Every structure is written in structure tokens, then in C-alpha cells.
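This note's numbering numbers the first residue of the sequence shown as 533 and each following residue consecutively. Notes for the one structure printed next.
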Amino acid sequence: MKLIECVPNFSEGRNRQVIDAITAEISGTEGALLLDVDPGAATNRTVVTFIGPPEAVEEAAFRAIRRASQLIDMSKHQGEHPRMGATDVCPFVPVQGATMEDCVAVARRLGQRVGDELQIPVYLYEAAASRPGRRSLADIRKGEYEALAEKMKDPSFAPDFGPAVFDERSGATVIGAREFLIAYNLNLNTRDKKLAHAVAVELREAGKPKRGPDGKIVKDAEGRTVNVPGRFKECRAVGWYIEEYGRAQISINFTNYKVTSIHEVFDAARAEAAKRGLRVTGSELVGLIPLDAVLAAGDYYLAKQGKTTGVPEKERVHAAILSLGLAELSPFDAQQKIIEYRYRGAPKGLKAMRLTEFADELSSDSPAPGGGSVAALLGSLSASLSSMVAALTWSKAGMESSRPAMKEIGVEGQRLKDWFLEAVDRDTDAFNAVLAAMRLPKKTDEEVEARVAAVELANQGAARVPLEVVDRSVRALELALAVARDGNPNSVSDAGVAGACALAAAEGASLNVRINVPNLTDAEVAGELLGDQERLLARARELASEVRDTVDRALAR
């Protein structure tokens, strides 16, 4: 599933009724999850954070902007923060499975809709900017609301969407796309703010003022301070003292964590701190963080420890939390701090059941879960076993030369395991979708037509899900064969069981394809599905035979 974040800033931070009315539009949009509402009285501004699939986030953003235009009168607005509209700025941020291009497309569609339907001038910024001069929010917002009427008289400042006319009540809105901003603090074993800042300027992109041999700050020909760049791009940092903690911190904003990672800066800060007799004792995350940033840190520190990264996701997350000292000042709850986990919520469905609960549910008189879910579960068990053998091979003395291959197998095995676990529920969901389609009303010709189309679509889904399981089972068999041939010889029987489970997954899922295909009315689709199933199953049987032969030879020695 693609997930994007939206962080709109509304020009109201004092009237809770207005704030609640705006955020209710977001929480009332299906698929959008409201994560945070942060009002500021002094700034008279509220920063809202929500997440969801692109379509849901786009709709929620429009509804919130529309409500803000109805409730906020910019002609009466006063606040310390720069602003130019009731909805001042509305950026979209790629999170899971989404690209910057996805967010740019959302920003431009929303901008056009706001301009057309609400008649609010819209300016596109950052990655969504229509031209280079529009990338900077500060440049667009220069002079703020008070200068907007005069600026809009200039044709070069015409909005990207909406009327080129000053809207006294709503002002103008800036919509765009940017990378995820991570707010992160490093904890130091000192109260000295100056020492903290001395480390910060070595790290941040802006660096520090250049000094001449006499110790004085160097100026250029126009009298501006010359800076020595810091070590990391897309990194802003400053030293400060926090009375609550009784210590100094280095406060860091990562404006693009894909360019500069938190673990790189953490280790560099430790080295710079040590030069000054300081120690980085841990760190603190402010707000939320994307999962891939945490996993990258976990993988980095596992690799430094000589460990394989082909381990469960929770272990990689745990390694990051421990290594970065994220729980030093307060407990670090990954379910609350990692943005994808917040959206996903607690594990649910069949895959969240205990083993005995699943077996009991399976043995009941309900038709689902059934063989399709069991086939997916077998695929997960196969991938898990192959990943286990890869990890045991990694750590076995004398087999160090196989580590690169075993790392790849372990990492892919973990991905396959997670995919199959999702398929356990997807198969049951596909069956339930068929039942739901069958229950649709059929009293009128229109209802009959709609029901027929829905049933056909659901039946195709009920066949495609197990076909995907057959396909992934072939890959699971390839992993099983690899660890049977090149893995820890003490675990060759486990590789054999991995192969047997993967073959059973392929055989079982294949049966589910075959039982659902006859329900299809589209003969061409039916033929394609059966053809793919036969081809994949033949390959699965071929691989399973190779796994069994390899294991038999090893056990006969």
C-alpha cells in the first residue's frame, strides 16, 4: 500500500472550536488517519499531521482547506509566524511505497481543485513547483499576507491555479511536495550549550564562520560572512540547553534523510564530541520517523557488529533503538513513533492469532480461513526456515566466504515471509469479497448488471491471490535449494523442510486457482490464469525435486 503524509499549516492557533472543525474534516475522511494536531497561541497557527493512501489524503486535505476558508478570516489574523493564507502551506510527503512523483501529482491535482472550486489562489512550491523561482516557500511568502494584494498585481506573481485576484478573507495557499523532515536531538553529558553548538556547526550543512589567522571572522567583498561548510548535506543543527533534562543537546533537522542518515550523523557527532571531552549519551526523536530510516540504522549497526541483516524487522528496529540510545530520556514505543506502524495499528487478522487460535478457527465449520490461507502460511514457514538456515550459515566458523550470498537469502527470506503472512489474510478476504458480491441486491436490471460485474471481479480476485502464492512459492523453493546446496550442513534437514513447505504451498494454492477459475465468465482471463498456474506449478515441482535430491545426498554421507 502506498502511504503519503500531509502536514498542512492553518492560520488559527487559539480558537479550539475552529481547529477541531478543521481537523474533523480530516478524521472524517475514510482512509485518512489524523496523527497530530499542534496549535500555537503565540504564532496563532496550527500544524496538523495526517497520513493515508494518496487518494484519501488528497480528499482529506481538500476538505480541510475548504473548512478553513469558511472559518478563518485572514483580514483579522495576527500571529508571530510568517503566513499568507487561511491554509498557509500544505506539503505532501512520500512515506511507504510512494514516490516524490506521486506527491507532486497529488499536490498539483489538489492545487487545481482548490483554485477551481474554492477560488483561492494557489502557488506550487518545492518539488511541485512550476518553475525554479517558485521552489522556496520563503520566497513565495515574502511580505506575507499584508503584501499579497500588491504582489498579485504583478503578472510574474500570478498563481499556478485559481484567480489572480487578492482574496481578502482566505489569502493564498501554497501547496507542494517535499521529503520527510526528521526532528532529532542528540544528548550530551554536559550543560554547556557552547560546547554542544561547537559540535553542531561541524555537522550541519551551513557549517561555521571562517576565521583568519588572527581569529577574526572572514568577510567577502560585499561584507558577508564566509562560511566553512559542515560535513552533512540536508542537515541543520544547533546546540541548546534543556532545563527539563539538565543537559545540552544538539538539535538536528534532517531535511532529506535519504541524503544524510541519522546513524551517519550520530556516529560523526560521537567523534566530534570526543574531541572536546564530551560523550553522546543517547538521542531523542521529536515527532515521527519513517520506517526505512530506522531500518537503515538497524542494518548499519548490525553490520558493524558482524551480524547478518537477514533477521526479522522487529530485530532490526530494536538494534536501531539500542544503538542510537533512543530510549535514554523516555521510553521509545516503536508502534507510536514509526509513522507506518501508527497507520497500521496493532497487528490484526489471522496472522496476529496465536498458533492454537488459528488452528481452532481453521477447524471450525466456517469456510474461511481454508486451504488458501493454509497454503500462504506454508509459504511463510518455508521462507522463515530458509532465512534461519542462512543466519546459521552466516555465524558458522569456516563458512565466512558464503556470507554475502547468505545475507541476500536471509533478507529476501524475511521479505517473503512477511508477504506470505499478509497473503494468509488476503486469501480469506478474497473469499469474503466473493460472498459479499453474491449478496448484492438484484431486483432491478441495473442492480443485476452491477452484481454480475462485482461477482466477476471478486472471482478474479479469488483466483489471482492464490496464483500470486504459487508464484512466490517458486521463489521460496529457489531459496530452499540455495541453502540446501550452500548452507550450514548441520541445517540441511531444515532446508529440506523449507522445500517441502514451499511445494505444499504451491500445490495448495494451485488447487485454489483451479477451483475459482470455472466461476469466471471471461474465458480469456480464465485461460491466462490456468496457463500461469500450470507453468508455475511445473517449475515448483522441478525445484522441489532438486531440493529433495540435494538433501538426500547430504544426509546419505
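The beta-carbon is built from N, C-alpha and C at its ideal position, and this holds for glycine as well. No experiment lies behind these values; they were computed from the predicted model shown.
> In angstroms, rounded to a whole number, what distance separates the CA positions of Ala753 and Ala670?
Replying inline: 26 Å
> What did DSSP end up calling Lys883 once you bin it into helix, strand or coil?
Replying inline: helix
>> How far does the alpha helix (DSSP H) with Tyr789 in it extend, from its first residue to its last?
In response: That residue, Tyr789, is in no alpha helix (DSSP H); it is neither H nor E in DSSP.
>> Can you list, in chain order, the residues of its chain with a C-beta nearer than 8 Å to that of Pro741? Leave out the 5 residues immediately preceding and following it.
In response: Ile749, Val750, Thr757, Val758, Asn759, Val760
>> Using only the alpha-carbon positions, how far apart do Ala690 and Leu642 sit?
In response: 18 Å
> Helix or strand or just coil, what does DSSP make of Lys836?
Replying inline: helix
> Thr960: buried (16+ other C-beta within 10 angstroms of its C-beta) or exposed?
Replying inline: buried
>> Let's test the definition: count the other Cβ atoms within 10 Å of the Cβ of Asp1084 and tell me whether it reaches 16, buried, or not, exposed.
In response: exposed
> Which runs of the alpha helix (DSSP H) spanning at least 4 residues fall entirely within the segment 791-824, listed in chain order?
Replying inline: 794-807
> Along the chain, which unbroken stretches of the alpha helix (DSSP H) at least 4 residues long are found entirely within the segment 576-657?
Replying inline: 586-603, 632-649
>> Applying the 10 Å Cβ sphere with the 16-neighbour rule, what's the burial state of Asp1026?
In response: buried
> Is the number of C-beta pairs between the segment 631-651 and the segment 543-557 that are closer than 8 Å three or more?
Replying inline: no
> Exposed or buried, what is Thr1053 when buried is set at 16 or more other beta-carbons lying within 10 Å of its beta-carbon?
Replying inline: exposed
> Taking C-alpha atoms, which residue in Ile554, Lys534, Met533, Ile536 lies nearest to Ser543?
Replying inline: Ile554
>> Just to confirm my understanding: we take Ser1023, look at its own chain, exclude 5 residues before and 5 after, and list those with CB closer than 8 Å. What are they?
In response: Met920, Val921, Leu924, Thr925, Val1015
> Apart from the five residues on each side of it in sequence, which residues of its chain come closer than 7 Å, Cβ to Cβ, to Asn1048?
Replying inline: Asn991, Ala994, Ala995
> Mind checking Asp692: buried by the 16 CB within 10 Å criterion, or exposed?
Replying inline: buried
> Using 8 Å as the threshold, is the segment 680-688 in touch with the segment 625-634, meaning 3 or more CB pairs across them?
Replying inline: no
>> Does Asn717 come out as helix, strand or coil in the three-state DSSP assignment?
In response: strand
>> Assuming the contact rule is C-beta atoms closer than 8 Å, Lys869 and Leu817 should be a hit. Round their C-beta distance to whole Å, please.
In response: 6 Å
> Taking all protein chains shown into account, do 16 or more other C-beta atoms lie within 10 angstroms of the C-beta of Met533, making it buried, or fewer, making it exposed?
Replying inline: exposed
>> I need the boundaries of the alpha helix (DSSP H) containing Ala982, first residue and last residue.
In response: 977-1018
> Would a C-beta distance cut-off of 8 Å place Asn541 and Val621 closer than the cut-off?
Replying inline: yes
> According to the neighbour-count rule (16 or more other Cβ atoms, all chains shown, within 10 Å of its Cβ), is Asn721 buried or exposed?
Replying inline: exposed
>> So for Arg723, helix, strand or coil by DSSP?
In response: coil
> Where do the N-terminal and C-terminal ends of the beta strand (DSSP E) with Arg768 fall, by residue?
Replying inline: 767-774
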